[in-house]
Amino acid sequence: MSTLSDFTATTLQGEERSLSEYAGDVVLVVNTASKCGFTPQYAGLQSLYDELKDEGFVVLGFPCNQFAGQEPGTEDEIGQFCQLNYGVSFPMFAKVDVNGPQTHPLFRWLKSERKGVLGGRVKWNFTKFLLGRDGAVLGRWGPNTEPAALADEVRAALAAG
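So this note's numbering is basically just the index in the sequence shown, starting at one, shifted up by 31.
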């Protein structure tokens, strides 16, 4: 069985990072975009992160340009946008594909663990996957689910150890 620790991803700064760095944390993986109707969810993600990071919670943002070209910027532009507009301080990674033949291996695995309403596809930007401290997928929510609505689920995962 795979876990989050089995994957790597490239940061916005171009550094390859092992996601095993987050082993033991409760992790919310989100595919993001800067020019989407759901973009204001960055504020809710940051708020949830700020509230619970000291308990072992982290948000991992993965920009994606596959949905109506809503993430057209470079990695530098994405980072500046997130910081200036939403004060994002949680880890952000380089753009990835979440569907199709070039799907990032992390998202291929996440989708196989929690299929969602479209089977194995991510429906749109700001789809959220919650992983427990053991790196296993606990749940999946679509873009309409606000980050604040996940607070109880995150707290339960944190309490489960």
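By construction, the Cβ of each residue, glycine as well, lies at the ideal position given by its N, Cα and C atoms.
Below 8 angstroms, enough C-beta pairs join the region 88-104 and the region 112-129 to call them touching: three or more. If only complete runs of 4 or more residues are kept, the region 78-157 shows the alpha helix (DSSP H) at 106-117, 136-144, in order along the chain. Of the residues assessed, SER65 falls on the buried side of the cut-off, its CB having 16 or more other CB atoms within 10 angstroms.
Burial check for GLY75: the Cβ neighbour count within 10 Å reaches 16 or more, so the residue is buried. Annotation: ARG164 to GLY170 spans about 13 angstroms, alpha carbon to alpha carbon. For TYR117 and TRP140, the gap between their C-alpha atoms comes out near 29 angstroms. Residue state for LEU181 is assigned as helix, using DSSP reduced to three classes. A residue is called buried once 16 or more other Cβ atoms fall within 10 Å of its Cβ, and GLU102 is buried on that count.
Just so you know, the alpha carbons of THR176 and GLN72 end up roughly 9 angstroms apart. Note on geometry: alpha-carbon atoms of TYR53 and LEU35 lie some 8 angstroms from one another. For LYS159, the enclosing beta strand (DSSP E) covers residues 159-162. Beta-bridge pairing by DSSP links ASN175 to no other residue.
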